[in-house]
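According to numbering that gives the first Met the number 0, the stretch in the sequence shown is residues 0 to 175, in order. We put the CB at the ideal spot given by N, CA and C, even for glycine.
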Amino acid sequence: MKLLFALIISLLLLPQDTSEKIIWHEDHRLTWSDFRATPRHDVGFVASTNTGINFGYSFTISEREVTVEYSVESFFSPDKSWFIPGRVSQHILNHEQAHFDISELHARILRKKLDARKFSKNVKSEIEGIYLQVEAQRKAMQKKFDVETDHSQNVEKEIQWEKRIAKQLAQYEPWK
0 MKLLFALIIS LLLLPQDTSE KIIWHEDHRL TWSDFRATPR HDVGFVASTN
50 TGINFGYSFT ISEREVTVEY SVESFFSPDK SWFIPGRVSQ HILNHEQAHF
100 DISELHARIL RKKLDARKFS KNVKSEIEGI YLQVEAQRKA MQKKFDVETD
150 HSQNVEKEIQ WEKRIAKQLA QYEPWK
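Structure (structure tokens):
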């Protein structure tokens, strides 16, 4: 007997967002024209990037094996990302790109974990557990990046972080 199941997970299992998204690609760097949300003046920073991971999977269970197919993409949401004109620079845009790169790093980590896993008949809960673990790590890294760089104000830390992110992206290149 075979069972076929498909599930789309995006941003902590919330309903699928149909707004425009830019999918991460090594040849595409963000520009200020990608940021289309209304700027916020009530926060202590001059730009904000909304990124995440789109994740979907399907599986079949037969008497002898579990077969899983999945897709993972990191994305940037233009309609949820903003900047304050006249108060930003290339340095800040690089900081915002690093947020996007952190999401891509975690998309690669998720792909690696899914590739390495031999799933049981509890495949749904196993896959969701892996996704939730990686998503929690992604959010924690995003927050740590902002704290340690003081939202790009600490230039020395910013440079260290950009190198660290680039190094990790290279380490996970096979899962691009």
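I need the DSSP call for residue i, collapsed to helix, strand or coil.
i: TYR171; result: coil
i: ILE83; result: coil
i: PHE74; result: strand
i: PHE58; result: strand
i: ASN93; result: helix
i: SER47; result: strand
i: GLU103; result: helix
i: LEU11; result: Note that LEU11 scores 35 on pLDDT, short of 50, meaning its location in the model is unreliable; the coordinates nonetheless yield the value given after this. DSSP places LEU11 in coil when its eight states are reduced to three.
Just to confirm, is the Cβ distance from residue i to residue j under 9 Å?
i: LEU216; j: PHE99; result: The first residue shown for the chain is 0 and the last is 175, placing residue 216 beyond what the model contains.
i: ILE101; j: THR50; result: yes
i: GLU103; j: SER73; result: yes
i: SER76; j: SER18; result: yes
i: ARG137; j: ILE22; result: no
i: GLU64; j: ARG107; result: no
i: THR59; j: SER80; result: no
Rounded to the nearest angstrom, what separates residue i and residue j at their Cα positions?
i: PRO84; j: PHE34; result: 11 Å
i: ARG110; j: LYS20; result: 20 Å
i: GLY55; j: THR66; result: 14 Å
i: GLU125; j: SER61; result: 17 Å
i: GLU95; j: HIS150; result: 9 Å
i: VAL146; j: GLN152; result: 10 Å
i: GLU155; j: TYR130; result: 32 Å
i: VAL87; j: ASN93; result: 11 Å
i: ARG163; j: LYS175; result: 17 Å
i: ALA169; j: TRP160; result: 14 Å
i: GLY128; j: ALA115; result: 14 Å
i: ALA165; j: TYR69; result: 25 Å
i: HIS27; j: GLY43; result: 28 Å
i: LYS117; j: VAL71; result: 18 Å
i: ASN121; j: GLU25; result: 35 Å
i: GLN167; j: HIS40; result: 34 Å
Residues in the same chain with beta-carbon distance under 7 Å from residue i, minus the five sequence neighbours each way, listed in chain order, please.
i: PHE82; result: TRP31, PHE34, PRO38, VAL45, ALA46
i: GLN198; result: Only positions 0 to 175 of the chain appear in this structure, which leaves residue 198 out of reach.
i: ASP78; result: SER18, GLU19, ARG35, ALA36
i: ARG157; result: Arg is not the amino acid found at residue 157; the sequence shown has Glu there. Answer for GLU157: HIS94, THR148, SER151, listed in chain order.
What residues in its chain sit with their C-beta under 8 Å from that of residue i, if we drop five residues either side in the sequence?
i: ILE91; result: VAL45, ALA46, PHE82, SER151
i: HIS105; result: ILE52, SER73, VAL133, GLU134, GLN136, ARG137, MET140
Closer than 6 Å by C-beta to residue i: which residues in its own chain qualify, once you throw out the five before and the five after it? Chain order, please.
i: LYS112; result: ILE129
Q. Whole alpha helix (DSSP H) runs in the region 114-166 with 4 or more residues, listed along the chain?
A. 122-148
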